[in-house]
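First up is the structure itself, then whatever we jot down about it.
Protein chains: 2
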Amino acid sequence: MRRMNAPEAAAGRIVAPPSMARLAAEALRAMILGGELQPGEHLVETRLTERLGVSRPPVREALQSLQHDGLVVQHPRRGMVVRQLTRHDVYEIVTLRDGLETLALRLALPLTDPDADLAPVRDALADLERAGEAGTGGATLVELGYAFHLAVVDLARHERLTGTYRSLQLQMQLCMSLNVASRTQESPAGNAARHRSLLEALESGEVDAALAAFAEHGHRSFLAVVEGLDGGTPESDRWLAQRRDAGA
Amino acid sequence: MRRMNAPEAAAGRIVAPPSMARLAAEALRAMILGGELQPGEHLVETRLTERLGVSRPPVREALQSLQHDGLVVQHPRRGMVVRQLTRHDVYEIVTLRDGLETLALRLALPLTDPDADLAPVRDALADLERAGEAGTGGATLVELGYAFHLAVVDLARHERLTGTYRSLQLQMQLCMSLNVASRTQESPAGNAARHRSLLEALESGEVDAALAAFAEHGHRSFLAVVEGLDGGTPESDRWLAQRRDAGA
DNA sequence: CGGTCGATTTCTGTATACCGTAGACCGTAG
DNA sequence: CTACGGTCTACGGTATACAGAAATCGACCG
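So the protein lines, in turn, are chains A and B.
Quick note, the first sequence lines up with residues 1 to 248 if you use the working numbering.
Quick note, the second sequence lines up with residues 1 to 248 if you use the working numbering.
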């Protein structure tokens, strides 16, 4: 008996029953990334309860999920606090992001079926360009950029890698949300062009060229954000100095 | 001195208030890694409740923690199940492990103060050699090997990287626990010698040599485990074939 | 005799209630 | 005026209780 065993059927789920905990987690993530809940703010469970309209257990579960994503930190007997990123945190996020992206490309390239594999990447780029032309808000443009990179990482078909990368992207959004100076004010067209060149590097089939293109792309930005933060460590400061020299 | 975030410093906590959820998570992890709970087994919350002597909320929290560590998977309305690793899972674990270890070394090297930085690594190696001479059980030897590698990764002072690496090690233990064929039956002395050579590579100060040594070390083993598993994917099979060729 | 439909049982998901602890505030004493 | 101690409040941790959904088993029908 038992041919259709339990473990599968997760992928092709027809209907997704919206669990309260997941909805609460989604709402809280939006609140944090949207700046409604500011870094360092104490997250009192009962307050969130009446704010979200659900009871404490789902709220607690959602908070655990956010802790896993690195958006909040727990103080053992004192509750959850929205994460305050230090300079060292940004160092960790950026270095790990670069490392994971490089690893993903190394595993994914050469693509077995470039045309089919790259379809999601092309779609993400199309969204990005469309939003740029339509003059959509900067925040959305940033998110679409994240989606593009996520599609690239997903080329490796590596769930653990993709999951960790997604979590890092959330933390990068947290980083952006607090720092208005991060409005790089790059033109949408230039942003799209840079991403298009990445796609072209992937389409070329040249592994080393693609790796170099993504490495170069990843090394951009974030310096302005880091400058405004405390909490440096020897490691992060050394790295920051290197980056500053390279960028100059 | 302070490299952790200001408010916590969980390491030097004088009194450690043992939360029931954490104790339950620890107990469940031990049960799973010890084979008491087998892969594919349904984890009924009420059963665990009476088995662990705590109520459901802590149990649920512990299960979430284990889900985060990748030891159990959740089926939306059907509860938690001990993870059944597929061949593709092992592919993911090993590739990500290698990638993270390499990244950690790249970030850590060259060491700023080799003598002080390497102290934890030396301690871990000493434990390993002592256990080998004392003829301690193979499982302990494996765990001490993990501790050695964790100490190496921690050289990078990269909490996110270390955390992800630790999670992967748990999944590797899960992999080992089910597969008795993984008793490589390497002599304890040989095991210790291989790790000692890694330490020496770190002490040499030669960055490239250290990277090469760890890469070589990481490429060992796990082939036997993979062979006995289903669930291959094009990516994992391609990778496995490469590894098999390289090892031959 | 096999398949399908329905009822029962069990388990997850959610809500409410209680307890212990930690932080804050105030009072008093030096 | 400052510092220390006690109490008080409020929040997190934990337990119990309830509702809805899914799986299983049995019965009925084809």
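Ideal Cβ positions, reconstructed from N, Cα and C, are used throughout, including at glycine.
Beta carbon proximity, residue 92 of chain B to chain A, threshold 7 Å
yes
For residue 195 of chain A and residue 93 of chain A, I'd like the C-alpha separation in whole angstroms.
21 Å
C-alpha gap between residue 65 of chain B and residue 134 of chain A, whole angstroms:
43 Å
Proximity to residue 189 of chain B [Cα-Cα], best of B:82, B:98 and B:125:
Measuring from the Cα of residue 189 of chain B, the nearest candidate turns out to be B:125.
Should residue 236 of chain B go down as buried or exposed, given a rule of 16 or more other Cβ atoms within 10 Å for buried?
buried
The beta strand (DSSP E) that contains residue 75 of chain B, what's its start and end?
72–75
At what residues does the alpha helix (DSSP H) containing residue 132 of chain A begin and finish?
119–134
Quick check on residue 7 of chain B: buried or exposed, where buried means 16 or more other Cβ atoms within 10 Å of its Cβ?
In this prediction, residue 7 of chain B has a pLDDT of 36, which is less than 50 and means its spatial position is unreliable; nothing more can be read from the coordinates.
Please list the partners that residue 161 of chain A has in chain B, where partner means a Cβ-to-Cβ separation under 9 Å.
92, 95, 96 and 99
Short Cβ contact (7 Å threshold) for residue 215 of chain B with residue 201 of chain B:
No, the pair does not count as a contact, with Cβ atoms beyond the cut-off.
In or out: residue 42 of chain B buried (at least 16 other Cβ within 10 Å) or exposed?
exposed
Whole-angstrom distance between residue 25 of chain B and residue 63 of chain B, CA atom to CA atom
7 Å
How many angstroms separate the CA atom of residue 18 of chain B from the CA atom of residue 165 of chain A?
Looking at the two C-alpha atoms, the distance is approximately 32 Å.
Whole angstroms is fine: what's the gap from residue 3 of chain B's alpha carbon to residue 23 of chain B's?
Legend: pLDDT at residue 3 of chain B = 35, less than 50; position of this residue unreliable, no value from coordinates given.
For a test of the three-state rule: what should DSSP assign to residue 82 of chain B, helix, strand or coil?
strand
For residue 13 of chain B, which residues of its own chain have a beta-carbon under 6 Å away from its beta-carbon, when the five flanking residues on both sides are left out?
With a pLDDT of only 48 at residue 13 of chain B, under 50, the local geometry of the prediction cannot be trusted, and no value is derived from it.
Quick check on residue 35 of chain A: buried or exposed, where buried means 16 or more other Cβ atoms within 10 Å of its Cβ?
exposed
Interface residues of chain B facing residue 164 of chain A [CB-CB closer than 7 Å]
164
Can a CB atom of chain B be found closer than 7 Å to the CB of residue 68 of chain A?
yes
Which residue wins for smallest C-alpha separation from residue 80 of chain B, given the options B:51, B:99, B:55 and B:39?
Distance check between residue 80 of chain B and each of B:51, B:99, B:55 and B:39 places B:39 closest, using alpha-carbon atoms only.
Contact between the segment 144–164 of chain B and the segment 102–110 of chain B: three or more CB pairs below 8 Å?
yes
Limits of the alpha helix (DSSP H) - the one that residue 214 of chain B falls within:
207–218
When the cut-off is 7 Å and only beta carbons count, does residue 71 of chain B lie next to chain A?
no
List, in chain order, every chain B residue whose beta-carbon is nearer than 9 Å to that of residue 61 of chain A.
60, 61 and 64
I need the DSSP call for residue 158 of chain B, collapsed to helix, strand or coil.
coil
How many angstroms separate the CA atom of residue 58 of chain A from the CA atom of residue 244 of chain B?
47 Å
Bridge partner(s) assigned by DSSP for residue 42 of chain A:
Residue 42 of chain A pairs with A:81.
Among B:47, B:142 and B:162, the one whose alpha carbon lies nearest that of residue 102 of chain B:
B:162
Would you check if the distance between the CB atom of residue 175 of chain B and the CB atom of residue 85 of chain B is smaller than 7 Å?
Note that the C-beta distance between residue 175 of chain B and residue 85 of chain B is below 7 Å.
Of the listed residues A:112, A:54 and A:30, nearest to residue 21 of chain A (C-alpha basis)
A:54
Identify the contact partners of residue 77 of chain A in chain B, using a Cβ-Cβ distance below 7 Å as the criterion.
17
Apply the 10 Å Cβ neighbour rule to residue 151 of chain B and answer buried if 16 or more other Cβ atoms are within range, or exposed otherwise.
By the Cβ neighbour-count rule, residue 151 of chain B is buried, with 16 or more other Cβ atoms within 10 Å of its own.
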